[in-house]
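For reference, the structure discussed in these notes is given below.
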Amino acid sequence: MSIMTAEKAGAKIVEWYSCVIAKSHDQAILLKEEVKQLLSEMKDNDKILAYYSLVEFRHDMLINRYNKNELQDYFQNIEHIAKIDNILKYLYYFVSGQSKYVNERYRSAIKLFNKAQRLLEYVNDEAEEAEFYQYSGLVYYRLNQYLVAASHIEHAKVIFDRLEYTEPSLNCQIVLAGIYQELHNPKKAEDILLDGLEKATDNDVMLGLINRSLGLNKLGIKDYNQAEFYFRQALSFKVHKDAAVGAKTTYNLSNVLFNQGKHEEAMKQFKAAHAGAKYYKNHEYMARCLATEGLHIKKDYSLVDTAIDDLNKLGLDFEVAEVAEEAANFAEKEGNDKLTLKYLKTAYKARLFQNTLGDDQQ
Numbered sequence: 039m040s041i042m043t044a045e046k047a048g049a050k051i052v053e054w055y056s057c058v059i060a061k062s063h064d065q066a067i068l069l070k071e072e073v074k075q076l077l078s079e080m081k082d083n084d085k086i087l088a089y090y091s092l093v094e095f096r097h098d099m100l101i102n103r104y105n106k107n108e109l110q111d112y113f114q115n116i117e118h119i120a121k122i123d124n125i126l127k128y129l130y131y132f133v134s135g136q137s138k139y140v141n142e143r144y145r146s147a148i149k150l151f152n153k154a155q156r157l158l159e160y161v162n163d164e165a166e167e168a169e170f171y172q173y174s175g176l177v178y179y180r181l182n183q184y185l186v187a188a189s190h191i192e193h194a195k196v197i198f199d200r201l202e203y204t205e206p207s208l209n210c211q212i213v214l215a216g217i218y219q220e221l222h223n224p225k226k227a228e229d230i231l232l233d234g235l236e237k238a239t240d241n242d243v244m245l246g247l248i249n250r251s252l253g254l255n256k257l258g259i260k261d262y263n264q265a266e267f268y269f270r271q272a273l274s275f276k277v278h279k280d281a282a283v284g285a286k287t288t289y290n291l292s293n294v295l296f297n298q299g300k301h302e303e304a305m306k307q308f309k310a311a312h313a314g315a316k317y318y319k320n321h322e323y324m325a326r327c328l329a330t331e332g333l334h335i336k337k338d339y340s341l342v343d344t345a346i347d348d349l350n351k352l353g354l355d356f357e358v359a360e361v362a363e364e365a366a367n368f369a370e371k372e373g374n375d376k377l378t379l380k381y382l383k384t385a386y387k388a389r390l391f392q393n394t395l396g397d398d399q400q
């Protein structure tokens with residue numbers, strides 16, 4: 039019934055398809071039944087259903103190969119079979135990449151999306167093309183490859199606008215605003231978001247996300263008062279507050295409250311954010327909560343070090359730099375030159391790695 043159910047179904051179809059390719063007859067039959075159960079619980083998703091249909095075709099070919107009484111020649115046209123296979127391969131790499139993205143394995147995701155891109159020409163569907171570039175742009179954004187990300191997101195937005203797909207287009211605007219923010223142009227980012235806010239009337243999902251993004255933009259320039267305003271606006275939408283992204287926004291709100299010295303309210307929001315990060319198994323925000331606990335609550339830099347180690351393991355270089363820079367600011371205010379230098383070096387090293395894709399994720 040949720041997006042996550044669709045992602046689980048996609049990942050399970052990948053596993054099923056792997057068994058079909060490996061000709062693991064019995065295991066393929068078992069996995070097909072598991073997939074059907076997940077599909078029955080899933081909100082309609084054309085991509086997942088199309089992927090299921092294509093894998094089912096290959097599955098039937100496998101089963102008929104073993105059942106000699108039902109052997110039949112599915113296709114006489116070799117080119118058509120090749121085309122089906124190429125579409126199937128595209129969906130395999132794309133859905134696998136989506137699964138890696140959801141699990142915060144961004145470097146692995148981009149490798150899979152690069153393989154999918156080489157097969158995109160066989161799909162011949164504008165909406166599919168737009169969604170591919172949107173997802174790949176998101177991953178490049180998370181890897182801090184901002185110029186490549188902007189190119190992919192803008193390409194997707196042009197197609198979404200042509201197809202009059204308003205919500206996906208607004209999602210692209212949010213990412214573009216984030217890119218401008220990271221490129222130190224918060225005014226341009228704000229203009230893009232305010233334009234999106236006007237277009238998102240009556241869409242609570244998008245209103246929540248855009249207000250959150252406006253808050254992050256203000257947080258980036260340390261305008262804590264305005265950041266607090268926008269985060270509270272985002273959380274005023276129930277559909278936002280009750281979703282995984284709501285836990286992130288709650289964390290951000292707690293952070294700006296701590297920075298304004300509103301400790302009691304900050305603690306309340308922090309506890310909710312920490313519970314949300316654990317509930318949704320968001321490893322990035324679990325690490326961020328640990329860093330906040332070390333800086334604002336327990337005054338224990340060893341917790342910050344653990345958080346940085348956790349983020350490093352996830353390959354989240356930008357997030358490492360953010361946490362390290364905040365820790366350096368704290369240490370500087372305390373007059374601890376040794377710790378200040380330590381965290382500035384950590385931040386600098388993380389910034390250097392921002393422009394590398396690496397081979398360290400599976």
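Just so you know, our numbering puts 336 at position 298 of the sequence shown, and the rest follows in order with no gaps.
Here a beta-carbon is modelled for each residue, glycine too, at the ideal position from N, C-alpha and C.
If we count the other Cβ atoms within 10 Å of its Cβ and call it buried at 16 or more, is residue i buried or exposed?
i, result
"D375", "exposed"
"Q219", "buried"
"Y89", "buried"
"K50", "buried"
"L379", "exposed"
"T134", "Sequence check: residue 134 is Ser here, not Thr. Looking at its Cβ environment, which holds 16 or more other Cβ atoms inside 10 Å, S134 is buried."
"A366", "buried"
"Q114", "Any reading at Q114 must be qualified, since the residue scores a pLDDT of 47, below 50, and its modelled position is unreliable; no value is offered."
"K411", "Residue 411 lies beyond the stretch modelled for the chain, which goes from 39 to 400, so this question has no answer here."
"G246", "buried"
"A313", "exposed"
"N152", "exposed"
"G48", "buried"
"N162", "exposed"
"L185", "exposed"
"H278", "buried"
"H190", "buried"
"S274", "exposed"
"G396", "For G396, the predicted structure reports a pLDDT of 46, less than 50, and the residue's modelled location is therefore unreliable. A value from the coordinates is still provided. Counting Cβ neighbours within 10 Å, G396 comes out exposed, since fewer than 16 surround it."
"H97", "buried"
"S78", "exposed"
Have a look at residue i and residue j and give me their C-alpha separation to the nearest angstrom.
i, j, result
"E71", "F132", "22 Å"
"A310", "E94", "43 Å"
"Y128", "I101", "23 Å"
"N255", "Q136", "26 Å"
"N105", "M99", "With a pLDDT of only 48 at N105, under 50, the local geometry of the prediction cannot be trusted, and the value read off the model is given with reservation. Spanning the two alpha carbons is a distance of roughly 10 Å."
"Q110", "L92", "With a pLDDT of only 47 at Q110, under 50, the local geometry of the prediction cannot be trusted, and the value read off the model is given with reservation. Q110 and L92: Cα-Cα distance of roughly 18 Å."
"R30", "V243", "Residue 30 cannot be examined here, being either before or after the span of the chain that is shown, 39 to 400."
"L298", "Y262", "The residue you asked about is not Leu; residue 298 is Gln in the sequence shown. Cα-Cα distance, rounded: 7 Å."
"L150", "A165", "19 Å"
"H63", "S56", "11 Å"
"V73", "L201", "31 Å"
"N241", "L252", "16 Å"
"L354", "L176", "14 Å"
"K371", "T287", "27 Å"
"A265", "L257", "5 Å"
"L349", "G373", "26 Å"
"E169", "L377", "44 Å"
"N83", "V358", "35 Å"
"A385", "A281", "31 Å"
"R389", "K61", "45 Å"
"K276", "E302", "23 Å"
Thinking C-alpha only, which one of the options is nearest residue i?
i, options, result
"I259", "A227, V358, S340, A194", "A227"
"K316", "C327, E202, K337", "C327"
"F391", "N182, P224, Y144", "N182"
"T43", "I67, M80, G353", "M80"
"A187", "S207, G216, Y203, P206", "G216"
"L221", "T288, Q75, D280, F356", "F356"
"L235", "A272, I335, L76, K306", "A272"
"V294", "F269, G175, D242", "F269"
"V52", "L87, S78, D82", "L87"
"N290", "V277, E322, K276", "E322"
"Q211", "Y160, N223, L232", "L232"
"K351", "V283, H193, A325", "A325"
"E28", "Y318, K337, D343", "Lying before the first or after the last residue shown, residue 28 is absent from the chain, which here runs from 39 to 400."
"V404", "H301, Y130, K336", "Past the edges of the chain, shown from 39 to 400, lies residue 404, and the structure says nothing about it."
Is it the case that the Cβ atoms of residue i and residue j are separated by a distance below 8 Å?
i, j, result
"A238", "I230", "no"
"Y173", "Y139", "yes"
"A285", "F296", "no"
"L333", "E364", "yes"
"A345", "A369", "no"
"K28", "L68", "Beyond the ends of the chain as shown, which are 39 and 400, falls residue 28; an answer cannot be given."
"S292", "F308", "yes"
"L157", "N209", "no"
"A362", "Y339", "no"
"V213", "R250", "no"
"I148", "E167", "no"
With hydrogens ignored, establish whether the beta-carbon of residue i is closer than 7 Å to any heavy atom of the ligand ZN.
i, result
"T287", "The ligand content of the structure shown is nil, which means the ligand ZN is not present either."
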